[in-house]
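A short worksheet on the structure shown next.
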Amino acid sequence: MSTETYVLRAARPLGGDPVDVVLRGGVVAEITAPGVADAADATVVEAADHVLLPGLVDLHTHLREPGREDAETVASGTRAAAAGGFTAVHAMANTSPVADTAGVVEQVYRLGEQAGWVDVHPVGAVTVGLAGERLAELGAMADSAARVRVFSDDGKCVSDPVLMRRALEYVKAFDGVVAQHAQEPRLTEGAQMNEGVVSAEVGLTGWPAVAEEAIIARDVLLAEHVGSRLHVCHLSTAGSVEIVRWAKSRGIDVTAEVTPHHLVLTDELARTYDPAFKVNPPLRTAADVEAVREGLADGTIDIVATDHAPHTREDKDCEWGAAAFGMTGLETALSVVQQTMVDTGRLSWSDVARVLSSAPARIGRVDAGPHAQGRPVAVGEPANLTLVDPAAVRSVDGTRQVTASGNTPFAGVELPGRVVATFLRGRATVLDGAPVGEVVR
Amino acid sequence: MRHLLSTADLSKDEAVLLLDTAAQMAATQSREIKKLPTLRGRTVVNLFFEDSTRTRISFETAAKRLSADVINFSAKGSSVSKGESLKDTALTLHAMGADAVVVRHWASGAAYQLANAGWLDAAVLNAGDGTHQHPTQALLDAYTIRRHLAARSDRLPDGAVDGVGADLAGLKVAIVGDVLHSRVARANVALLHTLGAQVTLVAPPTLVPVGVGVWPCEVSYDLDATLDGWRPDAVMMLRVQRERMSGGAGAFFPSTLEYTRYYGLDARRLALLDDHAIVLHPGPMNRGLEISAEAADSERAVIVEQVANGVAVRMAALYLLMAGEDSAEGNDL
Amino acid sequence: MSTGPALPADGGTTVLGAGDVARALTRIAHEIVERSKGADDVVLLGIQTRGVPLARRLAERLAQIEPGFDPEAATGELDVTMYRDDLHRHPTRAVGVTRLPDAGITGRTVVLVDDVLFSGRTIRAALDALGDLGRPRAVRLACLVDRGHRELPIRPDFVGKNLPTAQAERVRVLLTEVDGGPDAVVIAGRDAPDDAAGGAR
């Protein structure tokens with residue numbers, strides 16, 4: 001718990017009227033009229049015209065450790081998360097070894113605690129080794145020190161319907177959720193990009209939208225049948241949005257996420273054959289981009305999650321067909337949401353706080369207790385906060401990201417907004433736009 | 001024109017210039033001394049990440065007839081490993097001072113990457129990339145079609161010999177077979193359209209790509225109706241990969257017999273063609289599958305000539321890419 | 001050969017008119033017959049572009065002088081693009097037509113015909129091309145204009161007009177068959193010494 005006192009001078013909580021916010025003892029101690037809070041013995045952060053958000057919570061991060069520390073470590077990935085305004089991340093299970101036992105999830109959890117940049121909540125694998133054959137020990141992971149509540153074979157789909165049904169039912173015992181990577185495997189064998197006009201032309205094996213939609217449709221019906229809750233990872237097609245909208249209208253307990261890149265990028269980028277744009281699920285069409293924006297605006301899609309997927313240069317500096325799927329996202333997510341949703345008037349900053357903080361915290365069941373995340377900006381709440389300068393404009397440079405990998409699809413792109421400061425329970429992890437205690441790269 | 005990566009990049013004037021230049025190259029190939037000094041002292045690297053003896057030999061012959069030094073670089077085997085070898089190979093070739101790189105690769109887009117990733121400053125000729133493009137094959141097909149059929153074109157220049165100067169306006173070409181996996185089909189659709197020909201793709205629906213609707217061509221599932229009703233001037237049979245039908249539930253058609261029954265060019269279908277119509281095949285043929293022996297050996301078949309024309313077309317491409325100014329600026333091709 | 005740069009706005013100075021060109025060709029035809037002691041084994045090869053009509057015109061004149069001479073059977077055209085030594089210094093040149101008389105050139109007296117003789121590099125390329133096409137008994141060179149500035153040890157056997165020029169000047173031969181208007185030889189760029197890049201051969 002931080003012993004330091006901070007005064008955020010004239011910040012605008014959720015984009016509202018300016019106030020002074022005092023952080024002390026790990027909580028929001030006072031909120032006063034601007035310029036009023038006592039700055040004696042406090043560090044003052046000038047925050048005029050800056051938007052103050054609850055610390056961002058990512059439900060979908062690949063930290064790569066254990067196994068691929070050459071691409072990212074828990075330390076480097078969580079530092080990048082803090083730089084992007086996050087105070088908690090859910091670390092996906094597709095590590096090596098796979099996070100399918102209490103031992104591995106506790107290891108990741110402890111690495112996160114040691115790093116201290118954000119709260120790390122390990123996601124447990126649904127099936128042993130992500131092999132899709134038999135359930136992993138979900139209960140043991142839930143009971144472990146990591147208190148796992150989100151289970152996912154992300155990177156692979158739990159395609160066996162019986163196994164999926166069992167997982168959905170089983171996690172009810174500890175209020176868990178299965179986060180499905182919706183990808184029908186047979187329909188996507190060898191697939192490289194969205195199947196459509198562009199794939200036909202550039203000669204890359206197509207990845208049909210139906211391969212995603214068919215699984216989502218099946219899973220919402222399964223969730224309804226067994227009365228479980230389901231989370232749909234990174235949905236990417238207009239059809240997926242429709243299915244989730246229909247499921248919610250029926251009262252099915254389903255939540256859905258979209259990634260920042262699916263809010264803005266399209267499959268036209270595959271014409272460059274630049275593997276920076278190779279991602280799973282693939283970039284879709286402009287119509288799909290519009291549909292996911294609409295879904296996010298109307299609440300069909302509950303959250304934005306980064307699917308931050310760092311890869312080494314050798315895994316990306318090669319032929320499209322040989323390259324790894326994935327993009328980094330922690331440091332660009334908020335900017336992309338601002339550009340596509342806030343600056344276009346489709347979401348307010350209060351909505352941003354919902355889709356990037358309170359809703360993901362609620363889905364991951366990390367919204368209560370001493371380490372509660374996604375809480376309101378209010379006196380007495382844990383001081384997990386992110387201060388954003390929405391007027392700033394920055395040019396993205398993969399080689400200068402905080403993450404250990406440079407595979408951003410936004411290289412050379414100018415994005416609006418900059419995270420000025422991040423606080424984890426009252427302790428500054430980012431100040432003046434740079435991780436605290438780190439050399440500015 | 002700095003590289004030859006895709007027929008979709010070619011304007012009509014560029015395409016006609018390539019074909020006309022090929023005609024002049026072909027004329028030199030009937031001489032006793034076939035070698036020209038044009039590219040003396042320049043180096044062409046044949047970079048093959050995928051086996052294709054025919055294409056490699058054709059490019060090698062073309063380069064040698066123009067007096068270039070030819071280095072054959074077979075990188076097969078690295079296809080299963082990570083593709084970073086493409087970058088390393090490119091850097092090696094750059095260090096060796098290659099003036100042109102002829103690249104065949106299993107990955108769609110590999111030639112584009114070689115040309116655009118900044119690894120290399122040589123001219124890049126795409127000799128087939130994955131299921132994307134194979135521009136010199138399409139050029140040699142267009143050259144062959146023009147030689148035989150330009151007299152039927154709407155716009156034949158006065159006194160043209162072998163169709164020199166002509167495009168393919170008014171001609172009808174049917175491309176039959178596995179369009180989905182065919183770089184030859186993609187390259188031909190773009191080039192034939194640019195040259196003014198009409199194209200109909202004929203294939204079982206499983207072998208037509210989703211998204212074909214925006215291609216500048218028609219699509220038919222019925223070969224008999226196309227031959228009988230549309231009356232193409234040229235019929236191009238695509239090679240069918242046998243592994244495409246052995247995928248169990250993932251096979252693209254039920255059996256070879258059924259494929260041949262509906263999409264094979266046999267003597268009966270050959271007889272449906274107009275007298276002037278020609279039959280092309282990029283080779284190697286599966287006799288008895290997509291084309292019967294009668295069709296392959298008939299007088300209409302120009303398949304062997306396609307091979308000879310391939311050398312002339314590749315000489316033209318090498319000449320036009322390599323003989324110009326060192327800088328692309330001011331190069332009006 | 002390319003058709004060369006467009007004429008400058010001033011149009012240049014006409015140094016030979018249509019009558020001069022006709023008289024020069026007639027004289028060259030007589031010299032060829034005299035030098036070859038007849039025209040029996042003579043083959044006229046015009047170098048693309050304007051050497052080709054010049055060769056045809058010379059052939060017609062040879063036929064007038066020597067009635068046994070068949071102009072069709074003794075005329076051809078030669079494109080030397082593929083033999084040039086300066087390809088990489090210029091925009092890509094379209095490759096032109098090479099056409100030899102049916103009887104070939106081996107054992108014959110080949111007269112290369114070009115419009116302007118300048119550096120000699122085109123003729124060097126033509127000699128290389130001939131070497132690949134056959135083995136003439138002798139090769140001679142006829143040009144309508146010799147403007148000097150040779151860069152190789154090449155000299156013409158038959159010259160229509162010796163034309164002293166500055167290196168930077170451009171000499172253009174205009175022929176009815178190619179350029180449409182009346183025959184003429186024009187010098188341009190006399191007052192523009194900086195304009196040295198273009199120019200005929």
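Chains A, B and C, in that order, are what the protein sequence lines are.
Under full-length UniProt numbering, residues 1 to 441 are what the first sequence spells out, in order.
Under full-length UniProt numbering, residues 1 to 333 are what the second sequence spells out, in order.
Under full-length UniProt numbering, residues 1 to 201 are what the third sequence spells out, in order.
Glycine residues also receive a C-beta, built at the ideal position from the N, C-alpha and C atoms.
Got a sec, what are the start and stop residues for the beta strand (DSSP E) residue i sits in?
i                 : result
Gly-128 (chain B) : 123-129
Gly-417 (chain A) : 414-424
Tyr-6 (chain A)   : 6-13
Glu-46 (chain A)  : 43-46
His-231 (chain A) : 230-232
Leu-44 (chain C)  : 42-47
Met-237 (chain B) : 234-237
Ser-74 (chain B)  : 69-74
Asp-20 (chain A)  : 19-24
Leu-280 (chain B) : 278-280
Here's the rule I'm using: 16 or more other beta-carbon atoms within 10 Å means buried, otherwise exposed. How should residue i be labelled?
i                 : result
Leu-246 (chain A) : Note on residue identity: the sequence assigns Trp, not Leu, to residue 246 (chain A). Result: exposed.
Ala-267 (chain B) : exposed
Asn-162 (chain C) : exposed
Ser-30 (chain B)  : exposed
Leu-257 (chain B) : exposed
Arg-135 (chain C) : exposed
Met-315 (chain B) : buried
Val-27 (chain A)  : buried
Lys-87 (chain B)  : buried
Ile-33 (chain B)  : exposed
Phe-423 (chain A) : buried
Thr-122 (chain C) : buried
Met-237 (chain B) : buried
Asp-234 (chain B) : Before going further, note that residue 234 (chain B) is Ala rather than Asp in the sequence given. Looking at its Cβ environment, which holds 16 or more other Cβ atoms inside 10 Å, Ala-234 (chain B) is buried.
Arg-400 (chain A) : exposed
Leu-4 (chain B)   : buried
Leu-152 (chain C) : exposed
Helix, strand or coil for residue i per DSSP?
i                 : result
Arg-99 (chain C)  : strand
Leu-330 (chain A) : coil
Glu-72 (chain C)  : coil
Lys-316 (chain A) : helix
Leu-87 (chain C)  : helix
Ala-39 (chain A)  : coil
Gly-6 (chain B)   : Before going further, note that residue 6 (chain B) is Ser rather than Gly in the sequence given. Coil.
Glu-381 (chain A) : coil
Ser-78 (chain B)  : Note on Ser-78 (chain B): pLDDT 48, under 50, position unreliable in the model; no value is reported.
Met-82 (chain C)  : helix
Arg-244 (chain B) : helix
Ala-286 (chain A) : helix
Ile-57 (chain B)  : helix
Ile-303 (chain B) : helix
Glu-72 (chain A)  : coil
Where does the unbroken alpha helix (DSSP H) through residue i begin, and where does it stop?
i                 : result
Gly-239 (chain A) : 238-249
Ile-65 (chain C)  : 51-65
Glu-218 (chain B) : Unbroken run through Glu-218 (chain B) is the beta strand (DSSP E), 218-220; no alpha helix (DSSP H).
Thr-136 (chain B) : 135-149
Thr-28 (chain B)  : 12-28
Name the one or two DSSP bridge partners that residue i has.
i                 : result
Asp-146 (chain C) : C:Leu-117, C:Asn-162
Ala-91 (chain A)  : A:Thr-61, A:Pro-122
Asn-46 (chain B)  : B:Asn-72, B:Val-102
Phe-151 (chain A) : A:Gly-124, A:Val-178
Ser-335 (chain A) : Bridge partners of Ser-335 (chain A): none, in fact.
- Inside the stretch 163-219 of chain B only - beta strand (DSSP E) runs reaching at least 3 residues: 172-176, 198-202
- Message: To test your reading of the DSSP string, which unbroken alpha helix (DSSP H) runs of 4 or more residues are found completely within the stretch 92-124 of chain B?
- Response: 110-116
- Message: Runs of 3 residues minimum, wholly inside the stretch 154-226 of chain A: which ones carry the beta strand (DSSP E) assignment?
- Response: 177-180
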